[in-house]
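As given, the protein sequences belong to chains B and S, one line each in that order.
When we follow this note's numbering, the leftmost residue of the first sequence carries the number 158, and every step to the right adds one.
When we follow this note's numbering, the leftmost residue of the second sequence carries the number 158, and every step to the right adds one.
Note that beta-carbon positions come from the ideal geometry of N, C-alpha and C, so glycine has one too.
Scroll down for the structure; my scribbles are underneath it.
2 protein chains.
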Amino acid sequence: MIDVHTHHVSREFPDMSALDASPRWPRMEMIDAARGQVMIAGRNFRTVDSRCWDPPTRLRDMDAAGVAVQAVSVMPELLTYWAAGEPAAAFAHHLNQGIAAIVAHAPDRFVGLGMVPLQDPERAARELERCMALDGIVGVEVGSHVGDRPLGDPAHAPFFAAAERLGAAILVHALHPLGDSMLVGPPILNNYVGFPLETGFSVASIITGGILEQFPRLRIGFCHGGGALMAVLPRLSHGWQIDESVRASLPRPPEEYARRLFFDTLVYDERTLRYLHSLVGPDQLMVGSDYPFIVMETPPGALLASSSLPDEDKQRIREVNARRFLYGPEAC
Amino acid sequence: MIDVHTHHVSREFPDMSALDASPRWPRMEMIDAARGQVMIAGRNFRTVDSRCWDPPTRLRDMDAAGVAVQAVSVMPELLTYWAAGEPAAAFAHHLNQGIAAIVAHAPDRFVGLGMVPLQDPERAARELERCMALDGIVGVEVGSHVGDRPLGDPAHAPFFAAAERLGAAILVHALHPLGDSMLVGPPILNNYVGFPLETGFSVASIITGGILEQFPRLRIGFCHGGGALMAVLPRLSHGWQIDESVRASLPRPPEEYARRLFFDTLVYDERTLRYLHSLVGPDQLMVGSDYPFIVMETPPGALLASSSLPDEDKQRIREVNARRFLYGPEAC
């Protein structure tokens with residue numbers, strides 16, 4: 158089994174103060190040998206543990222859970238799209254080297270998804286080249302939107318062009334969801350309500366922005382089953398059918414694009430998994446666990462395993478599709 | 158068959174200039190005897206026709222489509238939550254009288270859902286009383302959020318309390334979705350992408366705001382199948398299970414509340430309808446068509462009719478559930 162959605166946090170972050178004095182650069186404050194607080198802007202963003210940075214710990218968990226390979230990407234909060242391009246690129250390079258070091262520890266068990274400063278698309282394209290040149294890195298993780306820009310914004314074309322040219326996989330993760338003022342209840346609802354809605358906006362922007370039309374060989378995967386895409390797609394498809402202005406901007410039916418994107422199975426409910434499977438088909442789903450964070454699936458792929466999906470599809474979802482996403486169609 | 162989701166636009170709007178000089182009050186500019194432009198802030202918001210205001214035209218369409226009863230509510234843009242409470246209440250009363258006049262034309266074929274100035278919750282509670290006193294009106298339509306406030310905001314308690322006390326049905330419709338800056342493509346995507354996501358925020362706020370805990374006899378229905386609720390609910394349920402702060406704010410599992418809300422079947426895809434049915438059960442779905450607007454289902458209930466849902470459920474969805482929503486449990 159390949160788990161495409163697992164996160165990494167460095168045990169030590171670079172000192173960015175020479176390049177940029179912002180208090181938002183993360184700093185690790187260790188609690189003990191195995192636990193630390195990721196301090197961002199003076200507060201503990203998240204308490205993390207050695208599973209985030211220690212390959213032997215991860216390998217033990219993987220062995221216990223039957224995970225052959227983890228794709229490793231940074232904790233999304235570390236994407237630092239708020240910063241200027243230059244320091245963000247330096248920070249990204251440091252973290253990408255950290256991911257490459259994890260992969261180097263067990264190259265047959267880990268594969269890396271780095272990061273780029275997508276707030277500066279030309280620089281992100283250059284940084285992607287540097288990142289893909291690191292051993293063991295096959296793509297990048299990006300946030301669901303970038304500052305004021307939706308992910309499918311035309312401004313990101315230089316990055317997408319580079320990703321297509323370099324054959325880089327792109328894994329999209331929710332980040333700083335819109336609309337937290339529209340939530341009622343504890344702030345953590347941002348995670349349980351905001352994230353899936355945010356991801357819905359993100360996938361929709363990739364589809365309606367024509368990104369797959371412009372860059373047909375791109376491999377883009379969305380965490381958490383693409384969030385609310387499953388609720389948006391039928392209505393968008395209906396709009397495409399009845400509304401000339403939608404067809405004028407998008408040559409193919411939205412579902413055709415959706416069926417070229419990848420989605421992890423981290424949807425928490427078998428009914429949801431089966432519905433998603435019916436929408437995007439058996440070839441676009443992959444196991445993703447969110448290891449080692451709070452909403453993670455334990456063990457990875459548990460919902461898939463217990464579901465009534467055909468065994469043949471389960472096998473594809475456990476391995477083949479992820480291989481295609483990470484390494485490209487020629488890998489299968 | 159009862160169609161719970163149909164809209165009304167007055168042939169003439171009241172002159173609001175004495176109470177409030179805003180250019181946002183709508184004005185009808187007739188094109189010919191059967192068509193008019195709804196002018197809002199100096200531009201044509203929508204060209205509408207006599208189906209919006211003429212009972213005989215509606216009855217002809219209903220007869221042709223096998224619709225026994227239409228629940229009639231205003232075009233959501235007319236909810237005017239931007240205005241001060243006093244002029245908004247006067248405007249609402251005028252439109253509510255218009256809806257009552259349509260119902261009076263054929264009281265066995267129409268039922269009214271009025272409107273209240275929810276931006277001023279105490280006034281909305283008083284206006285609801287005046288509205289419910291009109292013959293043929295059994296509830297109100299409300300927008301998915303109210304200015305800066307989510308629908309489930311505690312500030313709306315006076316309105317919800319009055320609705321529970323008066324037995325008023327509440328139909329929720331997407332209005333002015335969040336996040337239009339996150340859409341890429343023609344502005345109409347607001348309708349195809351923004352509306353379902355917006356509705357997801359709205360249902361979530363009703364659930365996590367504990368509105369059904371505080372007012373257990375409320376009957377709240379959501380248009381367009383509750384939008385992205387179907388993608389949010391499994392993750393929210395997961396959060397409720399693993400996260401004490403969510404359980405502390407909400408005594409029952411989120412799905413229990415979802416299964417006490419009502420949803421129309423305007424979801425455009427049989428897979429989506431069956432998935433929604435699996436989430437909320439056969440007793441909470443109702444036919445809604447969005448008559449006579451562009452995304453309407455023609456004929457109403459077509460997707461339901463052609464679906465593989467059990468005949469027994471189809472019959473409940475066509476009539477019994479809507480009756481329970483509109484008139485209360487004692488009506489069945």
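When DSSP states are grouped into helix, strand and coil, B:H162 belongs to the strand group.
At a cut-off of 3 residues, the continuous stretches assigned as beta strand (DSSP E) that sit fully inside the stretch 348-380 of chain S are 376-379. With fewer than 16 other Cβ atoms from the protein chains shown falling within 10 Å of its own Cβ, B:A221 counts as exposed.
Nearest neighbour of S:G293 by Cα position, chosen from S:R283, S:N253, S:P486, turns out to be S:N253.
Distance from S:P411 to S:S394 at the Cβ level is roughly 5 Å; contact confirmed, criterion being Cβ atoms closer than 8 Å. Taken through DSSP and simplified to helix, strand or coil, S:H330 comes out as strand. For S:R322, the uninterrupted alpha helix (DSSP H) segment begins and ends at 314-323.
B:C489 is classed as exposed because its beta carbon has fewer than 16 other beta carbons within 10 Å across all chains shown. At least one C-beta of chain S is nearer than 8 Å to the C-beta of B:N348. Those residues of the stretch 376-392 of chain S placed with their C-beta closer than 9 Å to a C-beta in chain B are H381, G382, G383, G384, A385, L386, M387, A388, V389, L390, P391, R392, ordered along the chain. Burial state of B:W397 is buried, judged by a 10 Å Cβ sphere holding 16 or more other Cβ atoms.
The stretch 255-262 of chain B and the stretch 224-234 of chain B touch, with no fewer than 3 CB-CB distances between them shorter than 8 Å.
The beta carbon of S:A246 is closer than 6 Å to those of P274, R280, E284 in its chain, skipping five residues each way along the sequence. Residue range 200-206 is occupied by the beta strand (DSSP E) that includes S:T204, with no alpha helix (DSSP H) assigned at that position. Assignment of S:P307 by DSSP, reduced to helix, strand and coil, places it in the strand class.
Proximity of the stretch 400-407 of chain S to the stretch 450-465 of chain S falls short of the contact definition, fewer than three beta-carbon pairs being nearer than 8 Å. When the five nearest sequence neighbours on each side are left out, the beta carbons in the same chain lying within less than 7 Å of the beta carbon of S:F352 are those of A331, P334, H381, G384, in order along the chain.
For B:R428, a Cβ of chain S is located within less than 8 Å of the residue's own Cβ. Using a Cβ-Cβ cut-off of 8 Å, S:I399 counts as an interface residue toward chain B, since at least one Cβ of chain B sits closer than that to its own. Here DSSP, grouped into helix, strand and coil, assigns S:R416 to coil.
Beta-bridge partners assigned by DSSP to B:D400: none are found.
Among the CB atoms of chain B, one or more fall inside 8 Å of the CB of S:T365. Per DSSP, the continuous alpha helix (DSSP H) segment holding S:A247 begins and ends at 242-262. Residue burial annotation: S:S338 is exposed, with fewer than 16 other C-beta atoms found within 10 angstroms of its C-beta. Of S:V329, S:H302, S:G378, S:L436, the smallest CA-CA separation from S:L418 is found for S:G378.
It is roughly 10 Å from the alpha-carbon of B:T455 to the alpha-carbon of B:P449. With at least 16 other beta carbons inside 10 angstroms of its own, S:T365 counts as buried. One Cα belongs to S:G193, the other to B:P244, and the distance between them is close to 57 Å. For the pair B:G304 and B:I327, the CB atoms are not nearer than the 8 Å cut-off. By the CB criterion at 8 Å, B:E321 and B:F372 fall inside the cutoff.
Straight across, the Cα-Cα distance linking S:G367 with B:T204 is about 30 Å. Contact between B:M185 and B:F202 does not hold, since their C-beta atoms are separated by about 11 Å, which reaches or exceeds 8 Å.
DSSP, reduced to helix, strand and coil, places B:S167 outside both helices and strands of the structure shown, so it counts as coil.
Within 7 Å of the CB of S:F358, the CB atoms of chain B belong to G336, M339, L354, in sequence order along the chain. Listed in chain order, the positions of the stretch 448-482 of chain B with a beta carbon within less than 8 Å of a beta carbon of chain S are I451, V452. In the displayed model, S:F267 falls within a strand according to three-state DSSP.
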